[in-house]
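So the sequence shown is residues -22 to -1, 1 to 100, counted in mature numbering (1 follows the signal peptide of the UniProt record, and there is no 0). What follows is one structure encoded as structure tokens, with my remarks underneath.
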Amino acid sequence: MKAYFYSLLTVGSLLTTAPAQATISVRTSTENPAEIQRKTAARAKVAEAKKAAASTAKRSVWAKTRKARTKLGRTMLVVLGLEESKAVTSPAKLTRQLHAHQRQLKMKARLNARARRARTSR
């Protein structure tokens, strides 16, 4: 049953593609030389555009693989314990952030105190 179905499918696909291939290969001989030259130039332009697109795609793929390779390398360093994960904040960074916040609060309190003194002394 399967073999019969597959043979019908093959014959059907051959019959449907055969007329399309025949119409593609037929050329009209009524074209003038200028028209032929224009079509040739258009084909060359399309081929050049495809070539440029291929080189751009190649560069794009290179950049993507380099980025993936960098991420994988960093992940391996984190797994091996040679480098800290970006998700984890180091204690030194937390200390710096805390002191910076405390300095900001101190400066704000000092400015508020000056403003309060200026308002009450008048």
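No residue lacks a Cβ here, since even glycine has one placed at the ideal position from N, Cα and C.
| field | Run of the alpha helix (DSSP H) containing Arg47, from where it starts to where it stops | value | For Arg47, the enclosing alpha helix (DSSP H) stretches over residues 11 to 58.
| field | Nearest-angstrom beta carbon gap, Glu61 and Arg52 [assumed within contact, 8 Å] | value | That pair is a contact at about 7 Å.
| request: Measure the C-alpha to C-alpha separation of Val57 and Lys42 and round it to an integer number of angstroms. | output: Rounded to whole angstroms, Val57 to Lys42 spans 22 Å at the Cα level.
| Pairwise C-alpha distance: Thr67 and Thr73 | So the two alpha carbons sit approximately 10 Å from each other.
| query | Does the Cβ-Cβ distance between Lys17 and Glu26 come in under 9 Å? | reply | Result no, Cβ atoms of Lys17 and Glu26 do not sit closer than 9 Å.
| said: For the alpha helix (DSSP H) containing Arg94, name the first residue and the last one. | reply: Counting along the chain, the alpha helix (DSSP H) containing Arg94 begins and ends at 69 to 99.
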